[in-house]
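Participant: In numbering that gives the first Met the number 0, the protein residues as written are 0 to 110.
For each residue, glycine too, the CB sits at the ideal point set by N, CA and C.
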Amino acid sequence: MIEALTYRYGPHTMAGDDPTRYRTDELTGEWEKRDPLIRFRFYLERLGLWSQEDEEQTAEQARADVDEALKQADRVSKQKVTDLLGFMFEKPTQNIQEQLDAYSAREGDQR
């Protein structure tokens, strides 16, 4: 087992989050120096076990795999909210029951 403490370089969300509000370029630069994934990639490159071409091919294959997984997921029928909430609780709390009732009416369920 390998423990590798990493750093999230990107924003928390893609909805307009600006990471410069809560982190400095200096902090990011420090993490880049000790990032275990980057360091391991450089190590493999020095041993001749990894190359930029390998990196590009792997990234391209990963994108293709994710695209295919998304297509498969899109073919699965959508779950009703009432099914989701109904299976979460043996005995729904009052606020959950109110949500179940509202979604049942919207989804045309008879509960």
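Comparing alpha-carbon positions, which option in Leu99, Ser76 and Asn94 lies nearest Phe86?
Facilitator: Within the sequence shown, numbered from 1, the residue matching residue 86 stands at position 87. For Phe86, the nearest C-alpha among the options comes from Leu99.
Participant: Identify the continuous alpha helix (DSSP H) that holds Thr27 and give its terminal residues.
Facilitator: Within the sequence shown, the letter at position 28 stands for residue 27. Run containing Thr27: Asp24 to Arg33, per the alpha helix (DSSP H) assignment.
Participant: Which one of Arg7, Gly15, Phe39 and Arg45 has the shortest CA to CA distance from Trp30?
Facilitator: Counting from one through the sequence shown, the residue named residue 30 turns up at place 31. The option with the nearest alpha carbon to Trp30 is Arg7.
Participant: Determine, using beta-carbon pairs with one atom in the region 37–49 and one in the region 65–83, whether at least three such pairs fall under 8 angstroms.
Facilitator: No, because fewer than three Cβ pairs between the region 37–49 and the region 65–83 fall closer than 8 angstroms, the two stretches do not touch.
Participant: Between the alpha carbons of Arg33 and Ala72, how many angstroms are there, rounded?
Facilitator: By 1-based counting over the sequence shown, the position of residue 33 is 34. By 1-based counting over the sequence shown, the position of residue 72 is 73. Their Cα atoms are separated by approximately 37 angstroms.
Participant: Measuring only the C-alpha atoms, how far is Leu48 from Glu54?
Facilitator: For the purposes of this step, residue 48 is identified with residue 49 of the sequence shown, where counting begins at 1. For the purposes of this step, residue 54 is identified with residue 55 of the sequence shown, where counting begins at 1. One C-alpha to the other measures close to 11 angstroms.
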